[in-house]
Amino acid sequence: MRVPIVFMFNSFASGVPDWYGGHFDAAFLQALSSVDPVGESHTAVYRGDALVSDLATKVTAVHEVRGGYSYTQSSDPDLLRTIVWDFADALACQAHSVDQEDFPIIFGMGGAHCIFLPTFTRDFAVAMDKILRATAGYLGYVEIDLANPLQRKLYVDFLIKDAAIVGGQVITELSSEGEDVIFFSQATAFKPNGSRVVPYGDLRNFQPALKIPTELSARGKLTLDRYEGKKTFSLQEKVLAALARSQQYSSTKSSFSIGLTPGAEIPLEAILPENKFKKYLLDSESDDGASKAKFFREQLDIGPNDWRYLAAQFHDGLLKSDLVQVHVKKWETGSGVKFNATMPIVGRNGKTVYVETNWIMKPGNLPSFSTAFPGKRPDAPVLGTPPPVLPAEVVGDARWEGIFALASEAGCMAATSAVPTPMAIRGFGIEMEGMCGHAAVRVFDTKGGFGKWAMDTGHASRHYKSGARISARVSSQSVDRAIAYATAFATVLSHNGIGCVVETRLT
Numbered sequence: 001m002r003v004p005i006v007f008m009f010n011s012f013a014s015g016v017p018d019w020y021g022g023h024f025d026a027a028f029l030q031a032l033s034s035v036d037p038v039g040e041s042h043t044a045v046y047r048g049d050a051l052v053s054d055l056a057t058k059v060t061a062v063h064e065v066r067g068g069y070s071y072t073q074s075s076d077p078d079l080l081r082t083i084v085w086d087f088a089d090a091l092a093c094q095a096h097s098v099d100q101e102d103f104p105i106i107f108g109m110g111g112a113h114c115i116f117l118p119t120f121t122r123d124f125a126v127a128m129d130k131i132l133r134a135t136a137g138y139l140g141y142v143e144i145d146l147a148n149p150l151q152r153k154l155y156v157d158f159l160i161k162d163a164a165i166v167g168g169q170v171i172t173e174l175s176s177e178g179e180d181v182i183f184f185s186q187a188t189a190f191k192p193n194g195s196r197v198v199p200y201g202d203l204r205n206f207q208p209a210l211k212i213p214t215e216l217s218a219r220g221k222l223t224l225d226r227y228e229g230k231k232t233f234s235l236q237e238k239v240l241a242a243l244a245r246s247q248q249y250s251s252t253k254s255s256f257s258i259g260l261t262p263g264a265e266i267p268l269e270a271i272l273p274e275n276k277f278k279k280y281l282l283d284s285e286s287d288d289g290a291s292k293a294k295f296f297r298e299q300l301d302i303g304p305n306d307w308r309y310l311a312a313q314f315h316d317g318l319l320k321s322d323l324v325q326v327h328v329k330k331w332e333t334g335s336g337v338k339f340n341a342t343m344p345i346v347g348r349n350g351k352t353v354y355v356e357t358n359w360i361m362k363p364g365n366l367p368s369f370s371t372a373f374p375g376k377r378p379d380a381p382v383l384g385t386p387p388p389v390l391p392a393e394v395v396g397d398a399r400w401e402g403i404f405a406l407a408s409e410a411g412c413m414a415a416t417s418a419v420p421t422p423m424a425i426r427g428f429g430i431e432m433e434g435m436c437g438h439a440a441v442r443v444f445d446t447k448g449g450f451g452k453w454a455m456d457t458g459h460a461s462r463h464y465k466s467g468a469r470i471s472a473r474v475s476s477q478s479v480d481r482a483i484a485y486a487t488a489f490a491t492v493l494s495h496n497g498i499g500c501v502v503e504t505r506l507t
């Protein structure tokens, strides 16, 4: 039976030369010659390193010097760990001979060199594995799940498809300039029929067509869900990525470098100045904002007292929307970014309209709301979602009870959908729920209002410093789920004007 098999090697291992590709190629071909002396194998050969980190990169800075531009990418360590340990976890469903404790570490460090055979005989792989055990750096083989999107990306999309093995012969091709530039160590000594170089463009005729499943396997879907759930971007990361893509940098052609600013101890990811809403955007008496105030009042029944209701939608919508018109802007303190985002806004009357928002990100600051105006309805419109903000008319205990209910619901949803960073414990396997810990929301004011109500009703305890402490209510011991709960809970409180921060602790 022909199956997709990858042989993997540790390029960091002792005894492996700096030019490790040739070392591993030679060992691979010698082993294949031994187990397939008559040349039954018929497969393409893909080679290269497993570029796991490429699946976990984020833009962390954008630069311009003397008219040239560049950006810095960094790996997200939590996403990288999730990819690596999910792969190790998936091996329980796949034939393999790698060590499930040592292999993932080499894999995650970028030291796994691969020789992938998309249509190879399983019995040959098992026999070759025994021979290759004598090779310095050999890790083992894995039968790849082509219905797993990340495995397909790593071994089909990322590797170099530069050879085939057909009729006992290693086949490579000339370059487009007619030069023999593909090196496959010891190919000429391959048995039974050595090697052959074909004209440029002919190699594909010797590589059997690879049949990619049209649907994901159950395990492949789990991998994708974990990956997409973990691949999240802060608002600042989203802004820098959009700036890097736009290449619309400084109009002054001066040098700059824009990076991430450490987040303040607040749950929200953007600054939403109260006066921008009450004294401008929603103020019918404002010289600059009267027309905008009329739009929000007539179209959405949103007035000055509803400013938090609108601000919450701007904040949450910004996290989900595409950023456009992204440019560098100069301030006295340095360079920052300005950008727009269009999002659906639902009014107090239940009507949804599209609003285009403008934002600025000054040096050393979070993105800050600047202005808004009617936006163009997209080709595929969506309904807006009312934010978890109570009307100003709801007061007293009814208000605090309502806010607590909204925050609790948001926390539970966030904890359920969170993807913990897996943790491996030598001798005990992989714990996909990750590290254990607690998270809590610290509410500052307990002299009255929400904090006092929460303590009086038993929803909170007194914080050891000051204020009230509301613990994340999750069934799991996962610190990541607890943080997700507390962050979502605190975001709802912040949207309703209640000052708070999130605190965490490992156990």
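Using full-length UniProt numbering, read the sequence shown as starting at 1 and increasing by one per residue. Note that CB positions come from ideal geometry on N, CA and C, so glycine has one too.
Residue range of the unbroken beta strand (DSSP E) whose run includes residue i
i, result
"residue 141", "138-143"
"residue 46", "42-49"
"residue 455", "Unbroken run through residue 455 is the alpha helix (DSSP H), 449-456; no beta strand (DSSP E)."
"residue 162", "160-166"
"residue 446", "No beta strand (DSSP E) holds residue 446; DSSP gives it neither H nor E."
"residue 4", "2-10"
"residue 177", "Looking at the DSSP string, residue 177 is not in any beta strand (DSSP E), and its letter there is neither H nor E."
"residue 430", "429-431"
"residue 498", "From DSSP, residue 498 is part of no beta strand (DSSP E); its letter is neither H nor E."
"residue 187", "Neither: residue 187 is in no beta strand (DSSP E) and is coded neither H nor E."
"residue 468", "468-471"
Where the alpha helix (DSSP H) through residue i begins and ends
i, result
"residue 149", "149-152"
"residue 23", "20-35"
"residue 106", "103-108"
"residue 491", "479-495"
"residue 128", "122-132"
Own chain, CB closer than 8 Å to residue i, minus 5 neighbours either side, in chain order
i, result
"residue 424", "85, 88, 101, 104, 430 and 431"
"residue 434", "420, 421, 422, 423, 478, 479 and 480"
"residue 410", "388, 488, 489, 491 and 492"
"residue 408", "473 and 489"
"residue 394", "402"
Residue burial classification, residue i (beta-carbon count within 10 angstroms, cutoff 16)
i, result
"residue 331", "exposed"
"residue 273", "exposed"
"residue 64", "buried"
"residue 383", "exposed"
"residue 181", "exposed"
"residue 183", "exposed"
"residue 9", "buried"
"residue 226", "buried"
"residue 341", "buried"
"residue 215", "exposed"
"residue 325", "exposed"
"residue 252", "Low per-residue confidence applies at residue 252: pLDDT is 49, beneath 50, and the placement is therefore not dependable, though the value from the model is reported in the following sentence. Residue 252 is exposed by the Cβ-count criterion."
"residue 220", "buried"
"residue 24", "buried"
"residue 413", "exposed"
"residue 1", "exposed"
"residue 212", "exposed"
Distance between beta carbons of residue j and residue i, contact taken as under 8 Å
i, j, result
"residue 504", "residue 437", "6 Å"
"residue 162", "residue 47", "7 Å"
"residue 468", "residue 443", "4 Å"
"residue 485", "residue 472", "4 Å"
"residue 348", "residue 302", "6 Å"
"residue 136", "residue 15", "4 Å"
"residue 12", "residue 111", "4 Å"
"residue 269", "residue 366", "6 Å"
"residue 78", "residue 230", "7 Å"
Spatial neighbours of residue i in its chain, beta-carbon cut-off 6 Å, leaving aside the 5 residues before and after
i, result
"residue 141", "5, 7, 97, 125 and 129"
"residue 191", "33"
"residue 289", "280, 281 and 283"
"residue 187", "170 and 195"
"residue 490", "267, 441, 500 and 502"
"residue 362", "331 and 336"
"residue 116", "6, 46, 155 and 159"
Interface flag, residue i vs chain B, CB-CB below 8 Å
i, result
"residue 353", "Among the protein chains of the structure shown there is no chain B, as only one such chain exists."
Contacts around residue i, its chain only, beta-carbon distance under 7 Å, and the 5 residues preceding and following it disregarded
i, result
"residue 496", "308, 389, 390 and 403"
"residue 36", "124"
"residue 300", "345, 347, 348, 349, 351 and 353"
"residue 426", "101"
Residue i CB to nearest heavy atom of the ligand FAD below 7 Å
i, result
"residue 427", "As for the ligand FAD, it is missing from this structure, which has no ligand bound."
Next on the checklist: Which runs of the beta strand (DSSP E) at least 3 residues long sit entirely within the stretch 190-268? Give them in chain order.
Outcome noted: 195-198 and 256-259
Checklist entry - Where are the alpha helix (DSSP H) runs, 4 residues long or more, that stay fully inside the UniProt domain "DUF6883" (270-375), in chain order? => result 290-300 and 307-320
Next on the checklist: At 4 residues or longer, what runs of the alpha helix (DSSP H) sit wholly inside the stretch 49-92?
Outcome noted: 77-90
Next on the checklist: Which complete alpha helix (DSSP H) runs does the stretch 376-422 hold, if anything under 4 residues is left out?
Outcome noted: 396-417
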